[in-house]
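Numbering (our numbering), first residue to last: 22 to 406. A virtual CB, placed ideally from N, CA and C, is assigned to each residue, including glycine. These numbers come from a predicted model, not from an experiment.
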């Protein structure tokens, strides 16, 4: 029977590429539910093409419009609101949930899907950044497998498949370095959002592209890797690799290093999460190692302050990664709107970390409160600049 997939965030970059994977394997996969936040026209168009059992628009202000657009398709149930997202992932027919929503908003529906024993294809890194300990505990209790979709974590996962309990000596987490890898600190003071959105190798959504430019995205991926693979942060090394060909690697106790290489194409890790342990054919370009060198550099933590702050959040633990994530979501959007400078993002995050209430042993309610408090502090700091 076809595997039924719920895509949280189907109109974004990951979601649209996941639908391409489904369209390449219509005999194996079917979209059971598609969701979006505001892109109601795109969601309706996807629903017409893939004919899911249900669609959810998280922003209920668009509910009437979505109903209107799908009025002639009564077999597709239309829902709206954050609660609907949490309820739909629990639907009995769903086999796996692709969490491709952006930011903290992905946490609650992911937790509901885990409690409903669904296979989680995790593309929302903020879920583990904010509440990694809680998410991993619930996944173990509910026998809900979590398979990574981020290209780096998929590469790590692919590198350890078949290794059993062989100890990991180090994880080598690669980063493109973003568009400002060779910029001086003086040049970075005047870059704009338009500059930052020109990623040299990947085609991603706006929020993650800005996070890549600041390298906060890589800091979040260190936190994510810590929880996914049970490796302490001091055994995770970030390598700047501008070509984005080596997606990440694992060094084992005998010194052997295994890596996963490929062209920058997110459909590969998406499909691998869907099909694991099998590999399926995938249409697209192939890697040609004769065409370019492979280079690796140490990241400059002084220039990319956000990466250093992420490591500090890991060191402090507790709810500090949650605080950093919340502040980052505020400044990321603020930078895109022209409300703060590129270096200002790191400065505001650092001041928010100092002012927000620290909790060494947070629970779910603590995460909710910490997220709210940190957003308020970061917004106040940004408005006062």
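Roughly how many whole angstroms lie between the Cα atoms of residue i and residue j?
i: residue 132; j: residue 138; result: 10 Å
i: residue 194; j: residue 324; result: 19 Å
i: residue 170; j: residue 290; result: 5 Å
i: residue 390; j: residue 124; result: 16 Å
i: residue 45; j: residue 163; result: 31 Å
i: residue 346; j: residue 392; result: 8 Å
i: residue 227; j: residue 35; result: 12 Å
i: residue 329; j: residue 405; result: 24 Å
i: residue 181; j: residue 85; result: 47 Å
i: residue 196; j: residue 298; result: 26 Å
i: residue 119; j: residue 395; result: 27 Å
i: residue 301; j: residue 211; result: 45 Å
i: residue 317; j: residue 266; result: 11 Å
i: residue 72; j: residue 52; result: 8 Å
i: residue 59; j: residue 80; result: 6 Å
i: residue 95; j: residue 65; result: 13 Å
i: residue 400; j: residue 112; result: 37 Å
i: residue 311; j: residue 260; result: 22 Å
i: residue 309; j: residue 47; result: 29 Å
i: residue 256; j: residue 97; result: 48 Å
i: residue 204; j: residue 225; result: 21 Å
i: residue 283; j: residue 155; result: 33 Å
i: residue 63; j: residue 92; result: 15 Å
i: residue 370; j: residue 388; result: 17 Å
Of the choices the options, whose alpha-carbon is the least far from that of residue i?
i: residue 368; options: 387, 381 and 331; result: 331
i: residue 192; options: 238, 153 and 278; result: 278
i: residue 273; options: 182, 190, 285 and 115; result: 190
i: residue 83; options: 93, 99 and 69; result: 99
i: residue 385; options: 112, 128, 24 and 36; result: 128
i: residue 254; options: 334, 178, 183 and 94; result: 334
i: residue 229; options: 168, 68, 176 and 353; result: 353
i: residue 106; options: 371, 71, 56 and 201; result: 56
i: residue 145; options: 203, 33, 364 and 185; result: 33
i: residue 176; options: 249, 155, 215 and 115; result: 249
i: residue 209; options: 374, 280 and 356; result: 356
i: residue 121; options: 288, 215, 204 and 81; result: 288
i: residue 90; options: 79, 74 and 67; result: 67
i: residue 143; options: 25, 65, 174 and 74; result: 174
i: residue 158; options: 136, 179 and 224; result: 136
i: residue 22; options: 322, 114, 258 and 186; result: 114
i: residue 294; options: 42, 37 and 134; result: 42
i: residue 372; options: 204, 398, 203 and 350; result: 398
i: residue 126; options: 92, 258 and 350; result: 350
i: residue 104; options: 92, 130 and 232; result: 130
With DSSP as the reference, please indicate the residues paired to residue i in a beta bridge.
i: residue 193; result: 258 and 270
i: residue 42; result: Looking at the DSSP assignment, residue 42 forms no beta bridge with any residue, so it has no partner.
i: residue 51; result: 25
i: residue 157; result: According to DSSP, which records beta bridges pairwise, residue 157 is partnered with nothing at all.
i: residue 409; result: Past the edges of the chain, shown from 22 to 406, lies residue 409, and the structure says nothing about it.
i: residue 306; result: Residue 306 pairs with nothing; no bridge assigned.
i: residue 279; result: 271
i: residue 56; result: 29 and 77
i: residue 61; result: The partner list for residue 61 (beta bridge, DSSP) is empty, contrary to what the question assumes.
i: residue 142; result: 119 and 168
Do residue j and residue i come within 9 Å of each other at the CB atom, strictly closer than that value?
i: residue 117; j: residue 27; result: yes
i: residue 235; j: residue 359; result: no
i: residue 403; j: residue 327; result: no
i: residue 76; j: residue 102; result: no
i: residue 87; j: residue 61; result: yes
i: residue 198; j: residue 268; result: no
i: residue 168; j: residue 110; result: no
i: residue 141; j: residue 161; result: no
i: residue 344; j: residue 374; result: yes
i: residue 49; j: residue 70; result: no
i: residue 271; j: residue 184; result: yes
i: residue 281; j: residue 314; result: no
i: residue 206; j: residue 364; result: yes
i: residue 172; j: residue 285; result: yes
Decide yes or no for the touch test of the stretch 305 to 317 against the stretch 219 to 229: beta carbon pairs closer than 8 Å, at least 3 of them. With contact defined as three or more Cβ pairs closer than 8 Å, the stretch 305 to 317 and the stretch 219 to 229 are not in contact.
Three or more C-beta pairs below 8 Å linking the stretch 339 to 351 and the stretch 371 to 391: yes
Whether or not the stretch 150 to 160 and the stretch 242 to 250 are in contact is what I'm after, with contact meaning three or more pairs of Cβ atoms, one per stretch, closer than 8 Å; do they touch? Counting Cβ pairs under 8 Å, three or more are found: they touch.
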